[in-house]
Amino acid sequence: MEISKPALNYINDLPFEAELCRIGKQLPHRHSTELELVYCLKGSIHLIASDQDFVISEGQLHSIDFGDIHYLNGEEDNLTLIFHIDLSAMPNWEDLRYVFFACESIHCYPYQQPAMERVKDIILSLSYIYFTGNHISADECFKPLHELIDTLFTYFNWFNYENQDEYMNRDLYDRFTRVLAYIVDNYRQKITVSQLAAMEHMNKNYFSQFISKTVFSSFSNMVKYIRCYQAETLLLTTDRSIAGISYDCGFSDPKYFYAAFKDLWHLTPTEDRERYRRQYEEAILEQNASKSLPAPEAADTIRDYITKWHLAKTFR
């Protein structure tokens, strides 16, 4: 099974691109440095990405992190805007490398709703410019792109995934990011609470309490998730044995990997590998199932959608 890295159509040196399409069956794929925002304008689409498996309905938006192996399957009459941002072109790329975004209409607290609307406003506007071919320089698009990234960074990241109010302690966020970055860089090695607590100059119990209030709920869950996340890449891009993958990703015994993966992905590693292989084979047979709208038609469609979108906001 080949996991592709589709070439994206950047124009005028802009660090973003857009596609308006009717999704059929997608080949499993991933992007090296691009954040993907999937905005369903009509109908519904089914998303599989890492441990996520759900339907994105009309009007809903969902982010997919770079590196995530994923695919979409669409109902016959869907219309979907797919927007990519090359995060490596952003000035704060070194920070963004360790951020996991969670911009999800299906998990959006009231305080996040204005931010979600702003995300939609920006990607609709930038997509319209992209489809019309109007010349705009990278410098001119930097301001809305920077606002988009800043909005995602502030309101839709893993640190505040379960926060039900707008307040975010920046010191705690920075600590969370440092810990997550360390685990991402060292997941193959033995990692202990004492080790990370010492790194953060904290008491071990206080450190454990800090992690318990994050989306991971415990330090062991945090390490377990990152190891399973990395292991899935090997599962889907190599033919290596599951036992070999488990050892390579820091698990001391394959049975612990099986248990952890099943707990988080709700599938065994073998079932996950087979799910993607099935999708690959079916998508190959239906290569013309997804159709991109030509740029002029896409521009007209987005213009009409923007009009309806703003009218709906004005008169609701």
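Quick note on the working numbering: the sequence shown kicks off at 10 and runs consecutively.
Backbone N, C-alpha and C define an ideal beta-carbon position, used for all residues, glycine too.
Predicted model, so just to flag it, every value in this text is computed and none were measured.
Using only the alpha-carbon positions, how far apart do Tyr-170 and Ala-58 sit?
Spanning the two alpha carbons is a distance of roughly 17 angstroms.
Just tell me which of Ile-138, His-55, Ala-190 and Ile-54 has its CA closest to the CA of Arg-106.
For the set Ile-138, His-55, Ala-190 and Ile-54, the Cα lying nearest the Cα of Arg-106 is the one of Ala-190.
Check each candidate in Ile-115, Leu-90 and Asn-172 and name the one with the smallest Cα separation from Pro-303.
Answer by Cα proximity: Leu-90.
Taking Phe-25 as the reference, which of His-275, Asp-272 and Ser-146 has the closest Cα?
Of the listed residues, the one whose Cα sits closest to Phe-25 is Ser-146.
Measure the alpha-carbon distance for Leu-56 versus Met-125 and round it to whole angstroms.
Leu-56 and Met-125: Cα-Cα distance of roughly 19 angstroms.
From Met-99, Arg-39 and Leu-36, residue whose alpha carbon lies closest to that of Glu-156:
Looking from the CA of Glu-156, the closest CA among Met-99, Arg-39 and Leu-36 belongs to Met-99.
Got a sec, what are the start and stop residues for the alpha helix (DSSP H) Arg-39 sits in?
Arg-39: not part of any alpha helix (DSSP H); DSSP gives it neither H nor E.
Determine the extent of the beta strand (DSSP E) in which Glu-171 is found, giving its start and end residues.
That residue, Glu-171, is in no beta strand (DSSP E); it is neither H nor E in DSSP.
According to DSSP, is Arg-31 part of a helix, a strand, or is it coil?
Here Arg-31 sits in strand by DSSP.
Am I right that Gly-314 and Leu-133 are in contact with their C-beta atoms under 8 angstroms? What's the rounded C-beta distance?
Here the sequence assigns Tyr to residue 314, which means Gly is not the residue at that position. Rounded to the nearest angstrom, the Cβ distance from Tyr-314 to Leu-133 is 7 angstroms, consistent with a contact under 8 angstroms.
Nearest-angstrom beta carbon gap, Arg-31 and Leu-96 [assumed within contact, 8 angstroms]
Here Leu-96 is actually not in contact with Arg-31; their C-beta atoms are around 27 angstroms apart, not less than 8 angstroms.
Could you pull the DSSP bridge partners for His-55 from this structure?
Note: His-55 sits in a beta bridge opposite Val-64 and Asn-82.
Spatial neighbours of Asp-22 in its chain, beta-carbon cut-off 7 angstroms, leaving aside the 5 residues before and after:
So the list reads Ala-147, once near-sequence residues are dropped.
Report yes if the C-beta of Phe-140 is less than 7 angstroms from at least one heavy atom of the ligand GTP; otherwise report no.
Absence of the ligand GTP from the depicted structure is noted, as is the absence of any ligand whatsoever, leaving it without description.
What are the boundary residues of the beta strand (DSSP E) that Asp-95 is part of?
Its beta strand (DSSP E) spans residues 88–95.
Is Cys-150 near Leu-46, with beta carbons less than 8 angstroms apart?
No, they are not a contact pair.
From Leu-245 to Gln-288, what distance separates their C-alpha atoms?
Whole-angstrom Cα-Cα distance: 12 angstroms.
Count the C-beta pairs between the segment 227–240 and the segment 254–271 that are closer than 8 angstroms, then say yes if the count reaches three, no if not.
Cβ pair count under 8 angstroms is three or more, so yes.
Can you give me the C-alpha to C-alpha distance between Arg-249 and Gln-239, rounded to a whole angstrom?
If I take the Cα positions, the gap works out to 14 angstroms.
Just the Cα atoms here: how many angstroms apart are Ile-311 and Tyr-196?
Near 43 angstroms, if we compare the C-alpha coordinates of Tyr-196 and Ile-311.
According to DSSP, Phe-110 sits in a beta bridge with which residue or residues?
Note: Phe-110 is bridge-paired with Asn-166 in the DSSP secondary-structure output.
Could you tell me the boundaries of the beta strand (DSSP E) in which Ser-72 lies?
That run of the beta strand (DSSP E) goes 70–73.
Can you list, in chain order, the residues of its chain with a C-beta nearer than 7 angstroms to that of Glu-295? Leave out the 5 residues immediately preceding and following it.
Excluding sequence neighbours, Glu-295 sits near Gly-33 and Lys-34.
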